[in-house]
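Heads up: the sequence shown begins at 4 in our numbering, then just goes up one per residue. Written out below as C-alpha cells is the structure these notes cover.
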Amino acid sequence: MGIESVAFCPCGPGTLALVFDIPRLIEAGHVNGIDGSLLNEELICLAKDIPAFSSNRLPWGCPSDLTVQEILFRLALQCIPAKNLSNWLLCNSVYELDSSACDLIPNILPIGPLLASNHLGHYTGNFWPEDSTCIGWLDKQPAGSVIYVAFGSLAILSQNQFNELALGIELVGRPFLWVVRSDFTNGSAAEYPDGFIERVAEHGKIVSWAPQEKVLAHPSVACFLSHCGWNSTMDGIGIGVPFLCWPYFADQFHNQSYICDKWKVGLGLNPDENGFISRHEIKKKIEMLVSDDGIKANAEKLKEMARKSVIEGGSSYKNFQTFVEALKQ
C-alpha cells in the first residue's frame, strides 16, 4: 500500500544495536539461539565506544530464571524485523551521547531527551497519581542536599533488601525523598524497619509516586539513586543530576555501564557474594557521590549537550524536523 511506518524504541541505541546484531552473534557461536545465553566468556564489543556486554549485562539476561530469560530473548528477536520494516526508528536519546551505536543503525533518529519540560507547560504520562506535596517539601531543603530515591514502575525488592535500603538512607543523615510504590516489596506493600518512620520524620519524605522531572530539576536535589531504566537515565542526563546506580533487570545493567564507565556521571553499588547490597555500601557510595566534583562536572557537561540537542540547530531538533518533513511528503 506504500504506507510508511515508524517505530519508537524505548531503550537506548546501544541496547538496540545489540538486539539487531543477534542473528550474527548466533551464527558466530557467541549466543545460544534458544535462550540467548552466552556460549563463551568473551565480551561482546559492538564498537570501541560502546560498553561491552557480558553474560550478566545482556538486556534479555535473567540467569536466576532461564524460563524468563528465554521469554525476554524471544521478545528481543521479535524486535529485529523493525529494522527493515520501519522507515524510521525514533528513540529517546541524543546522537552525541552514543554516536557509535547510532551509526550502527542507519534509520535511527535520536530525538531526545524527551523531557516534558522541553515542550509543555505541564508534566504528563504517569503510572500512578503524583504526590505533588514533595515539591513544597523540597522547597524547604538546602540546595544540593537531598537524595532522591526512585526505582521506576517495575523494580521489586525483597523485604530484607528494602529494610537495608531504608537503613542505609538513614545512616547517611541527609534529607531524602523516597518513592515507594504500593507493590515495591515482592509485589506487596513494604514494611519499614522498627522506628524508621519516626527517626527520619524530620528529614525524610516518602511518597508513592513523584513528578520526577520537577524533582530532578529542583535545586535542593543532590543525586538520584535509580534503577537505571532508560527513561530515568535520560531524565537525569537531561537535567544534570549525578546517579547512584541500582539496576534491576533487562537493559538497566548496560545503562549503568554507560552512566558509570562511559559518561562518568555516576557510581554503582557493589553487592556481596549473595547479591545483597548492605546499608554500609549504600552509605559509602552516597557520600562518595555527593562529594565527587568530577562527576558533578560531567553531569553538567552532558546536561548542556542535551540542552543544545533540542534547540534549533541541534541534532535532536534536526532529526525531528527530518521526520516531520518526511511525513508531509
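For each residue, glycine too, the CB sits at the ideal point set by N, CA and C.
Can you tell me the Cβ-Cβ gap for residue i and residue j, rounded? I've got them flagged as a contact below 8 Å.
i, j, result
"I83", "I25", "7 Å"
"W91", "L112", "5 Å"
"A153", "V182", "4 Å"
"P245", "L292", "6 Å"
"I240", "P116", "6 Å"
"Q255", "H230", "6 Å"
"D88", "S191", "It should be pointed out that residue 88 corresponds to Leu in this sequence rather than to Asp. Rounded, the Cβ-Cβ distance is 41 Å, inconsistent with contact."
"D264", "P54", "6 Å"
"A309", "V97", "5 Å"
Mind checking which residues open and close the beta strand (DSSP E) that includes residue i?
i, result
"A153", "149-153"
"I209", "207-210"
"C94", "91-94"
"L180", "179-182"
"I111", "111-113"
"C12", "9-12"
"L270", "269-271"
With distances taken between CB atoms, is the gap from residue i to residue j smaller than 8 Å?
i, j, result
"A146", "P222", "yes"
"L272", "L247", "yes"
"C12", "L21", "no"
"Q215", "D238", "yes"
"S235", "G155", "yes"
"V218", "L141", "yes"
"R184", "S161", "no"
"S318", "E99", "yes"
"L175", "I289", "According to the sequence displayed, residue 175 carries Val and not Leu. Yes, the Cβ-Cβ distance between V175 and I289 is below 8 Å."
"L228", "P196", "no"
"L93", "I114", "yes"
"L180", "A225", "no"
"S135", "R177", "no"
Relative to the alpha-carbon of residue i, which residue among the options has its alpha-carbon at the smallest distance?
i, options, result
"A10", "S58, T18, F56, K86", "K86"
"E173", "G198, C65, N59", "G198"
"K286", "P214, M237, I314, I150", "I150"
"I37", "A79, S156, K51, K299", "A79"
"G232", "H257, P214, I242", "H257"
"S102", "S281, W266, Q324, G278", "W266"
"Q72", "R310, S57, S40, C94", "S40"
"S260", "S57, R27, I6", "S57"
"R27", "V175, I47, G15, G17", "I47"
"L270", "F252, G278, F279, S294", "S294"
"W63", "A253, G278, C137", "A253"
"N166", "A193, S148, R177", "A193"
"A119", "A220, K143, A31, L75", "A220"
"K51", "C105, I242, V97, A213", "C105"
"N110", "F326, K331, L330", "F326"
"S67", "K331, K299, G278", "G278"
"L168", "A309, P274, T136", "P274"
"Q144", "G207, T188, F23, I200", "G207"
Could you name the residues that DSSP lists as bridge partners for residue i?
i, result
"T188", "L160, S191"
"I47", "F56"
"V71", "In DSSP, V71 forms no bridge with anything."
"L42", "The partner list for L42 (beta bridge, DSSP) is empty, contrary to what the question assumes."
"V34", "L41"
In the DSSP assignment, the alpha helix (DSSP H) including residue i goes from what residue to what residue?
i, result
"L19", "16-23"
"A309", "296-313"
"C137", "136-142"
"F199", "199-202"
"Y246", "In the sequence as presented, Tyr is not what sits at residue 246; that position holds Phe. F246 -> not in any alpha helix (DSSP H); beta strand (DSSP E) instead, spanning 246-248."
"F227", "From DSSP, F227 is part of no alpha helix (DSSP H) but of the beta strand (DSSP E) over 224-229."
"G239", "233-242"
"H283", "282-293"
"Y320", "318-331"
"E216", "215-220"
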